[in-house]
Amino acid sequence: MARSLASPRAQRGVALLGLLAVAVMVLGSVLASRLNAASQFVAVNLDENARALAKAKQALIGWMAVNAASNDANPGRLPCPEAPAYYGDPTQEGIAAPSCTLPAVGRLPWRTLGLDRLVDAASEPLWYVVSPGWALPNVASTLTINSDSVGQLTLDGDEAVALVIAPGPVLAAQAGTGCTAWNQARPASGAPDLRNYLECENATSPADASFVSRRTGVRFNDQVLRISAAELIPSLEAAIADRMQRQIAPSMRSAAYTSAVYSGLPGGSPAPRLFPYPRPFEDPTASSYLGVSGSINPQGLLPFNSIA
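Under my numbering, the first residue of the sequence shown is numbered 727, with each subsequent residue one higher.
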């Protein structure tokens, strides 16, 4: 019986299909390996940025607390960003501006915070945003920061007092909703333009109060860390409590309040040692901080000018 044999051409076709299958498998393995390596590289960068951002956040909270516990006339305030004129000056870089137009966006004042120069995975210095009401808009300004104060910034809709941002490498930012097209550049001198470092809502110029941590549909590589009022207030309250123990309580304990200070107090010799009357609650920014004798309500503002 005669056997049916495939033609040489058919055999070559089968061999080519086999080689193609092998090539596809090899290419797929190479692509998978590269994608996995790229994914690991991105993860490493994100982790490196996260560590730098966390260090900056803790330094900002610590700076605020140390100053609030000392003689800061505006306890609770945060520093302004680095003064733009110091960019490129190795002896001045990282020093905060004494005052700033708020909301203020600029480079992190690492030297003022007592840090080494913090950079992200792209070797770019970190950026920093501070809310109105939490930094000095001018050197003679007075801030009113209380336990119920909140930030006037938002990150993805959530309240924020300050933000720290890893800007990442340069991008050709695409136009889109909330984004203006911008080909980023990083000049070595001159005041830095925030649009060369941040993208989309984060790069509004002049700065507004709305920021984002992610975008879809356009190129975006800002990595943002939020500092909320809830994270700042406990450290501020602890600092103020310590300051009161060291600066106010001793004065109240050592003073002798007599009719020379308040009328209507009992006389006698020696003069009775009494605590001062409080100042009735009123606008702290307009108060004289003088105690009022005979107050029915024993609560109020601390009578600083009666203690002194």
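Note that CB positions come from ideal geometry on N, CA and C, so glycine has one too. Since this is a predicted model, take the numbers as computed values, not measurements.
Item to check | Cut-off 6 angstroms between Cβ atoms - residues of its own chain near P1024, not counting five sequence neighbours on either side | outcome: none
Checklist entry - What is the residue span of the alpha helix (DSSP H) that D968 lies within? => result 955 to 969
Checklist entry - So, P1004 versus M978, is the Cβ gap smaller than 9 angstroms? => result no
Item to check | Whether N933 touches P851 by CB criterion (9 angstroms) | outcome: This sequence places Ala at residue 933; Asn is not what is there. Not in contact: A933 and P851 (Cβ atoms no closer than 9 angstroms).
Checklist entry - Assuming A794 and I966 make a contact with CB atoms under 8 angstroms, what is their CB distance in whole Å? => result 6 angstroms
Checklist entry - So, are the CB atoms of P888 and V856 less than 9 angstroms apart? => result Here the sequence assigns Ala to residue 888, which means Pro is not the residue at that position. Contact flag set, yes.
Next on the checklist: On the CB-based measure, 16 or more other CB atoms within 10 Å of its CB, does R803 come out buried or exposed?
Outcome noted: buried
Next on the checklist: Contact defined as beta carbons within less than 8 angstroms: I believe N775 pairs with S825. What is the distance between those atoms, to the nearest angstrom?
Outcome noted: Actually they do not touch by this definition, with Cβ atoms about 29 angstroms apart.
Checklist entry - What residue ranges within the segment 803 to 841 form continuous beta strand (DSSP E) runs of no fewer than 3 residues, ordered along the chain? => result 830 to 833
Item to check | Presumed contact (8 angstroms Cβ cut-off) between A898 and R945, rounded CB distance | outcome: 7 angstroms
Checklist entry - For L879, which of V792, Y812, I953, E963 has the nearest alpha-carbon? => result I953
Checklist entry - Smallest Cα separation from C905: which of A929, E1008, L869, L862? => result A929
Checklist entry - Between the segment 864 to 875 and the segment 832 to 839, do at least 3 Cβ pairs fall closer than 8 angstroms? => result no
Checklist entry - In or out: E927 buried (at least 16 other Cβ within 10 Å) or exposed? => result buried
Checklist entry - Which of the three DSSP states, helix, strand or coil, is assigned to P1024? => result coil
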